[in-house]
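Colleague: One structure is given below, represented as structure tokens, and several questions about it will come after.
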Amino acid sequence: MLRDLLRLFPQPVQSFIESLRTAELEELEEIRLRVGQPVECLFASRSVYSTNPLYRFSVADASYVLNQLSQYSLYAFEEELQKGYITVAGGHRVGLAGKTVLENGAVQTIRPVSSFNVRIARQKIGAAEQVIDKLYDRQTRSWQNALLIGPPQTGKTTVLRDVARIVSTGSKKNHIPSCKVGIVDERSEIAGCVAGVPQHELGVRVDVLDGCPKAEGMMMLIRSMSPDVLIVDEIGREEDAKAILEARHAGVSLIATAHGHTLEEVAKRPVFKGLFEQEAFTCVIELGKSPHPGSIKRVRRPQQTRIMR
Numbered sequence: 558m559l560r561d562l563l564r565l566f567p568q569p570v571q572s573f574i575e576s577l578r579t580a581e582l583e584e585l586e587e588i589r590l591r592v593g594q595p596v597e598c599l600f601a602s603r604s605v606y607s608t609n610p611l612y613r614f615s616v617a618d619a620s621y622v623l624n625q626l627s628q629y630s631l632y633a634f635e636e637e638l639q640k641g642y643i644t645v646a647g648g649h650r651v652g653l654a655g656k657t658v659l660e661n662g663a664v665q666t667i668r669p670v671s672s673f674n675v676r677i678a679r680q681k682i683g684a685a686e687q688v689i690d691k692l693y694d695r696q697t698r699s700w701q702n703a704l705l706i707g708p709p710q711t712g713k714t715t716v717l718r719d720v721a722r723i724v725s726t727g728s729k730k731n732h733i734p735s736c737k738v739g740i741v742d743e744r745s746e747i748a749g750c751v752a753g754v755p756q757h758e759l760g761v762r763v764d765v766l767d768g769c770p771k772a773e774g775m776m777m778l779i780r781s782m783s784p785d786v787l788i789v790d791e792i793g794r795e796e797d798a799k800a801i802l803e804a805r806h807a808g809v810s811l812i813a814t815a816h817g818h819t820l821e822e823v824a825k826r827p828v829f830k831g832l833f834e835q836e837a838f839t840c841v842i843e844l845g846k847s848p849h850p851g852s853i854k855r856v857r858r859p860q861q862t863r864i865m866r
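In this note's numbering, each residue's number is its place in the sequence shown (first place is 1) plus 557.
As structure tokens, then:
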């Protein structure tokens, strides 16, 4: 998995990463590259820095990485620079920071780019096993409309990806039938598509709209692919909320994620306030890092809490 990523980096960075132990490579979460600074590799509870006193990530190195990411076509790369990140093969997300260029008060690009945050995407088969009983309603034999909440690096996308796999394949152990799944993968992180084809194991009943805005993608899938369950990552815009309510009216179940620590915190945002008032979600699962990313902190029923009153 890391082999494809190594080609993005100049040789000193490659050498440092290759020097890590196999056990460390399996737990690696982020690779941080900052001009003038040593390379930083982040794990769940610690960071490791390159120890070569003669090497610091340079302006030339940053240019090299940018050229590798854009395949030497910065013009075609402008949309990614505007968003501040790019997703590469395998679903790995590379965040970008540096000097922003504004036009009419809006960010048009980042040049030069001086920092890169490479977030390692890993499929963890079974990561969603702990939440399945919370998400599947055995009485109605249907999937609940659910929201997975957690701050960054709490495994939201990893769990969501495995939820999509289980919904698609079904579970004989849990007596759950397979369903048609539609994934709107705006940031290419859930399915890790290359040329539109998922690189992660998601089962045979999954249809993916890769790189598509969530709101538009949900409506497109409902109209064209008749999914039983929609899967989307990191909702938060007004248009997302409208599409979610449309999906509910169309009889499609939806499982999504959102940044936040608690149900109460998320429900204060205007977009989510309206969704909870209209009972868009029947189940909210708060995720945390301990004892490992993707761990359940609490399972909440919005209709039973004060936020609905």
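Where is the CB? At the ideal position from N, CA and C, for every residue including glycine.
My guess is that D764 and S745 are in contact by the Cβ rule of under 8 Å, so how many angstroms apart are they, rounded?
Modeller: Looking up residue 764 in the sequence shown gives position 207. Looking up residue 745 in the sequence shown gives position 188. At roughly 15 Å, the Cβ-Cβ gap does not stay under 8 Å, so D764 and S745 are not in contact.
Colleague: Taking the beta strand (DSSP E) that R858 belongs to, which residues open and close that run?
Modeller: Numbered from its first residue, the sequence shown carries residue 858 at position 301. It is not in any beta strand (DSSP E) - R858 carries neither H nor E in the DSSP assignment.
Colleague: Give me, in chain order, the residues of the same chain whose beta-carbon lies closer than 6 Å to that of P850; leave out the 5 immediate sequence neighbours on both sides.
Modeller: Residue mapping note: residue 850 aligns to position 293 of the sequence shown, counting from 1. Only T711, G712 meet the Cβ criterion.
Colleague: Check whether the stretch 587-602 and the stretch 628-647 are in contact - that is, three or more C-beta pairs closer than 8 Å.
Modeller: No: fewer than three Cβ pairs fall under 8 Å.
Colleague: With respect to the beta strand (DSSP E) encompassing A654, which residues constitute its N-terminal and C-terminal limits?
Modeller: Within the sequence shown, residue 654 is the residue found at index 97, counting from 1. Taken as a continuous stretch (DSSP letters only), the beta strand (DSSP E) holding A654 covers 649-660.
Colleague: Whose CA, out of L717, K799, A804, V841, lies closest to the CA of E822?
Modeller: The sequence position of residue 822 within the sequence shown is 265, counting from 1. Checking every option, the nearest Cα to that of E822 belongs to V841.
Colleague: Pull up the distance between the alpha-carbon of T657 and that of V675, whole angstroms please.
Modeller: As a working mapping, residue 657 is identified with position 100 in the sequence shown. As a working mapping, residue 675 is identified with position 118 in the sequence shown. Their backbone Cα atoms lie some 19 Å apart in a straight line.
Colleague: Buried or exposed for D742, please, with buried defined as at least 16 other CB atoms from any protein chain shown within 10 angstroms of its CB.
Modeller: Sequence index remark: in the sequence shown, residue 742 carries index 185 (1-based). D742 should be labelled buried.
Colleague: Indicate the three-state DSSP secondary structure (helix, strand or coil) for Q835 in the structure shown.
Modeller: Locating residue 835 in the sequence shown gives position 278, where the first residue counts as 1. Coil at Q835, not helix or strand.
Colleague: L590 bridges to which residues according to DSSP?
Modeller: For this step, residue 590 is matched to residue 33 along the sequence shown. Per DSSP, F673.
Colleague: Taking only the alpha-carbon atoms, compute the straight-line gap between K737 and R698 and give it to the nearest angstrom.
Modeller: Numbered from its first residue, the sequence shown carries residue 737 at position 180. Numbered from its first residue, the sequence shown carries residue 698 at position 141. Each residue's alpha carbon lies about 14 Å from the other.
Colleague: One question on the structure: do V645 and L582 come within less than 9 Å of each other, judged by their Cβ atoms?
Modeller: Locating residue 645 in the sequence shown gives position 88, where the first residue counts as 1. Locating residue 582 in the sequence shown gives position 25, where the first residue counts as 1. No; because the gap between Cβ atoms is not below 9 Å, this pair is not in contact.
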